[in-house]
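In what follows, a structure is listed as structure tokens, so that the remarks can point back to it.
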Amino acid sequence: MASDLVVLNRKKGNIRGQLTQLRAFIEKRENLDEATMITQLDILSRRGTRFEELRNEFYWTVSDNDFDQVESSLSELEDEIFKTEISLKSILHELKLNSSVSNSSTDGVIAKDFIDKTISIKLSEIPLPLFNDKIEEWNSFKQQFLNLINDNPNLTENQKCYYLR
Numbered sequence: 004m005a006s007d008l009v010v011l012n013r014k015k016g017n018i019r020g021q022l023t024q025l026r027a028f029i030e031k032r033e034n035l036d037e038a039t040m041i042t043q044l045d046i047l048s049r050r051g052t053r054f055e056e057l058r059n060e061f062y063w064t065v066s067d068n069d070f071d072q073v074e075s076s077l078s079e080l081e082d083e084i085f086k087t088e089i090s091l092k093s094i095l096h097e098l099k100l101n102s103s104v105s106n107s108s109t110d111g112v113i114a115k116d117f118i119d120k121t122i123s124i125k126l127s128e129i130p131l132p133l134f135n136d137k138i139e140e141w142n143s144f145k146q147q148f149l150n151l152i153n154d155n156p157n158l159t160e161n162q163k164c165y166y167l168r
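Per our numbering, the sequence shown runs over residues 4 to 168.
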């Protein structure tokens, strides 16, 4: 029984050491990216599973006299696991927010370029053909309008509609 407790305490020490390494990694905040955080969360999940197995082994092995002390120690370790998980998830959330902000800022640059391009178009500069209600001139008018306005890739749909007036 005493040797069983020694083995269980070593296993508990191993888990605590791995948690300490993970906490040190988090506190350094170096090389943090989404893939690394997801991997670390997966590793932590496996540590949590090992911890639950260890807790059950302790419950089977420890005498009633030592139970409160062991339970207190296991609760502290469980709190460390939870705090580490919260830290990892917070960092992952920050990374996702930062990547979405950088994507939206890139979208903003693209939108600004598009707006600058469309603002530079002066609608009144295109000499439009005039239609004077003669049916024989309709095809000519229509073709000129399509060539000048409809097929112009620099005009938006709203600008094209403006010229229909």
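All residues carry an ideal CB built from backbone N, CA and C; glycine is no exception.
Item, Value
"Member of 36, 15, 51, 60 whose CA lies at the smallest distance from the CA of residue 102", "36"
"Exposure of residue 47, with buried meaning 16 or more beta-carbon neighbours within 10 Å", "buried"
"Simplified DSSP state of residue 39, which is helix, strand or coil", "helix"
"Distance, residue 58 Cα to residue 11 Cα", "9 Å"
"Span of the alpha helix (DSSP H) around residue 143", "141 to 148"
"Through-space distance from residue 6 to residue 3, alpha-carbon basis", "This structure leaves residue 3 out entirely; the chain is present only between 4 and 168."
"Candidates 141, 160, 15: closest to residue 52 by CA position", "15"
"Beta-carbon proximity list for residue 122, same chain, < 6 Å, skipping 5 on both sides", "The predicted position of residue 122 is uncertain, since its pLDDT is 48 and thus under 50; no value can be drawn from it."
"Outcome for residue 94 when other beta-carbon atoms lying within 10 angstroms are tallied against a minimum of 16", "buried"
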